[in-house]
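The opening position of the sequence shown corresponds to residue 1234 in the working numbering, with each subsequent residue numbered one higher. We put the CB at the ideal spot given by N, CA and C, even for glycine. Working notes, beginning with the structure itself.
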Amino acid sequence: MGYYESDETWNALGIKTKEEFVEKYVVVGKFHDNVPDDIVKSYITISYIMAHSYFHYPMYDEAMSKALLVMEMAVKLKAKQLSIDVKLPPNKKGVVRDKNLSTLIDEMCAIDELSFLKSDFDRARNIRNMKMHPDQRSLMGIAGRTNNNIMLFINIINQLFLDTKTLKKVHQKNNQLETALSAFQKGLYVFECHKGKLLVDVVYLFKYFQKGNRKLLLLYVNPVITNAYNSLTEHRFNKPLIVGLTEFKIDKMTIVGKEDNGCVFKMYVTKKKNDVELLKQYNADIDKVSQNDIDMFKQINSQEALWNLEKKVYENCWSEKEFN
């Protein structure tokens, strides 16, 4: 058998070389120094499984299986650090069993400074349930977004093992930002970013990360587009609009800062007649779109946005840890 011949599936997906495959589909482990070595070393195997799927496409799914085990290890190690008992009380027969993973996650996220991780853990739990309890044999490959899921896991693990002082700062800052950004949930704003000068009408979601002097505020917003009716009914959905700010200041209804790519950023209220008319036309277009098309757009756009958010965190917040 051709154990060391490239799987033709990758060629069908447009991958021509081993180097191109590694660049696009192998997720390297990136962890800060507080992440236990057992986790970091175990992750190396995940990278190797992903890399060797170049020769056998179904191995790509097995990288996810290993990643779920590493995630479970991380949760149990953190629980022990927090003095959370990983065992249940003895039953009537005196048998002591392990707490399930979901219970440990709930107990950890009940701690104030870890509560901001709950939504990410909920996503991870859903991924685990689908993977561990399949209805039938299935091969997901890249359609299962293994690389995106693994970036999510890496981000969760890194945040989970931030030092207590940093976790408290992140928790406090998240609360402050939730209050400050709630004012931007509905309105009309000029959005000056790497895409140029746009109009947006809502900030859907934000995420904030901090480690040492490294800070990142991610904003997922809805752009006011022309010909919205045609775009949505013909399913020509725009990609989600996300910016990552490494510097920012929020003053009432204005946000100024610098993007992770170095571009100057500014967001502010506009009441210009032309801008208001564009928003009216946009809303009129949306009102004519069927609920099915709107739901499809929201589902596809929000899912893509969540993966793009995780990719930005993975690329900007952590560094690769080497072992000799």
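{"Query": "Return the residue from the list Leu1315, Ser1316, Ile1389 and Ser1335 that minimises the CA-CA distance to leucine 1350.", "Result": "Ile1389"}
{"Query": "Give me whichever residues DSSP pairs with glutamine 1443 in a beta bridge.", "Result": "Lys1448"}
{"Query": "Below 8 Å CB to CB, which residues in the same chain sit around leucine 1395 once its five sequence neighbours on both sides are set aside?", "Result": "His1265, Asn1267, Val1403 and Lys1444"}
{"Query": "Grab me the residues of asparagine 1549's own chain with a C-beta within less than 7 Å of its C-beta, minus the 5 sequence neighbours each way, in chain order.", "Result": "Leu1449, Gly1477 and Asp1493"}
{"Query": "Does the beta-carbon of serine 1286 have 16 or more other beta-carbons within 10 angstroms, so that it is buried, or is it exposed?", "Result": "buried"}
{"Query": "Distance, Cα to Cα, isoleucine 1272 vs proline 1473?", "Result": "33 Å"}
{"Query": "Could you work out which residue in Lys1504, Thr1278, Thr1336 and Val1328 is closest to leucine 1432 when comparing CA atoms only?", "Result": "Lys1504"}
{"Query": "Look at the Cβ atom of valine 1423, then the Cβ atom of alanine 1461, and state whether they are nearer than 9 Å.", "Result": "no"}
{"Query": "Let me know the secondary structure DSSP gives glutamate 1492 once reduced to three states.", "Result": "strand"}
{"Query": "Going by DSSP, what residue range makes up the beta strand (DSSP E) through methionine 1304?", "Result": "No beta strand (DSSP E) contains methionine 1304, which is instead part of the alpha helix (DSSP H) from 1292–1314."}
{"Query": "Is serine 1359 helix, strand or coil by DSSP?", "Result": "Looking at the sequence itself, residue 1359 is asparagine, so the reference to serine does not match. In this structure, asparagine 1359 counts as helix in the three-state DSSP scheme."}
{"Query": "At a cut of 8 Å, does the segment 1287–1300 reach the segment 1316–1324 through at least three beta carbon pairs?", "Result": "no"}
{"Query": "Report all residues from its chain with a CB closer than 8 Å to the CB of glutamate 1252; omit the five preceding and five following residues, and keep chain order.", "Result": "none"}
{"Query": "Could you tell me if asparagine 1202 is buried or exposed, where buried requires 16 or more neighbouring beta carbons within 10 angstroms of its beta carbon?", "Result": "The chain is shown from 1234 up to 1557; residue 1202 falls before or after that span and cannot be answered."}
{"Query": "Compute the Euclidean distance between the alpha carbons of lysine 1499 and lysine 1428, then round it to the nearest angstrom.", "Result": "12 Å"}
{"Query": "Could you check if glutamate 1555 is buried or exposed, using at least 16 other CB atoms within 10 Å of its CB as the buried criterion?", "Result": "The predicted position of glutamate 1555 is uncertain, since its pLDDT is 46 and thus under 50; a value taken from the coordinates is nonetheless stated next. Burial call: exposed."}
{"Query": "From this set, Asp1345, Phe1481, Lys1257 and Gln1524, which residue's C-alpha is nearest cysteine 1426's C-alpha?", "Result": "Phe1481"}
{"Query": "I'd like the list of long-range same chain contacts for leucine 1539, defined as Cβ closer than 7 Å, with 5 residues on each side in sequence excluded.", "Result": "none"}
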